Amino acid sequence: MSGTGTNLQALLDACADDAYGARVVAVGADRSGTFAIERAGLAGVPTFVLEVKQYGQRADWDAALTQVVADYTPDLIVLAGFMKLVGPVFMARFGGRIMNTHPALSPSFPGMHGPRDALAYGVKVTGCTLFFVDQGIDTGPIVAQAAVPVLETDDENSLHDRIKAVERRLLVDTVGALARDGWTVIGRKVTIP
Ligand code: GRF
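Position 80 of the sequence shown, counted from 1, bears residue number 80 in our numbering, the numbering being contiguous throughout.
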């Protein structure tokens, strides 16, 4: 987590119901003082913060993050608003079960400013994409997508807010389905049976 954690909150709320089939075992952030970590604490979920600047080199941060996460033995790792690229050690350990969320319809508008770039391009429909993280930026196999219309009156914030409302629902539905039913990835094609 790097941000305000509304996606996290949606997952924490969903997990309150046993029938949902998933449980948040821990929440980590790469920055201290985020509201996301506070939300996790309020829900009674263990938290950790590992900032790159605490480590001599990025590789050391990568190794430390991998170890901390491994200790929680997660089945699925959700990067919800985690705005850093995870390192090669983390990818080698958890590749194939790291899911990220991007506020645009991939493969359009990868990177840090999905809503802004969609607006600037003038698309009439954008949305959000859940994908399994690979080596690229927002390029991994797509797990789920949902569309959001762009309104004449939109600015970056209003568009991102409407995307986030849809993104939260998609994330909750998809994480629950992955946890309950599992998944397969063949090439770029992700299937939830
Ligand atoms: C989400 O739109 C996510 O896709 C993007 O940053 C936003 C995070 O929102 N990478 P929040 O911290 O979950 O509220």
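We put the CB at the ideal spot given by N, CA and C, even for glycine. For clarity, every value in this text was computed on a predicted model and none was experimentally measured.
- The beta-carbon distance between VAL150 and ALA118, rounded to whole angstroms, is 7 angstroms. This is short enough to meet the 8 angstroms contact definition.
- Rounded to the nearest whole angstrom, the CA to CA distance from GLY28 to THR153 is 36 angstroms.
- Proximity of the beta carbon of PRO107 to ligand 1 is not indicated: no heavy atom of the ligand is located closer than 6 angstroms.
- Rounded to the nearest whole angstrom, the C-alpha separation of ASP13 and TYR121 is 35 angstroms.
- Contact check between the segment 7-25 and the segment 36-48: three or more CB pairs, one atom from each, fall below 8 angstroms, which counts as touching.
- Judged by DSSP in its simplified three-state form, PRO149 adopts strand.
- Boundaries of the alpha helix (DSSP H) around LYS164: 156-181.
- As the crow flies, the alpha-carbon of LYS164 is around 7 angstroms from that of PRO103.
- Distance from the C-beta of GLY81 to the nearest heavy atom of ligand 1 is below 6 angstroms.
- For PHE131, the secondary structure class from DSSP, reduced to helix, strand or coil, is strand.
- Boundaries of the beta strand (DSSP E) around ILE186: 184-186.
- Counting the other CB atoms within 10 Å of its CB gives VAL78 a total of 16 or more, which places it among the buried residues.
- Pairing VAL148 with THR126 gives a Cβ-Cβ distance under 7 angstroms.
- Under DSSP, the beta-bridge partners assigned to MET99 are VAL78, PHE132.
- Ranked by Cα distance from PHE48, the first of ALA26, ALA59, GLY56 is ALA26.
- Excluding five sequence positions before and after LEU170, the CB atoms of its chain that fall closer than 7 angstroms to its own CB belong to CYS128, LEU130, ALA144, ALA146, given in chain order.
- With contacts defined as CB atoms closer than 7 angstroms, ILE98 and VAL133 qualify as a contacting pair.
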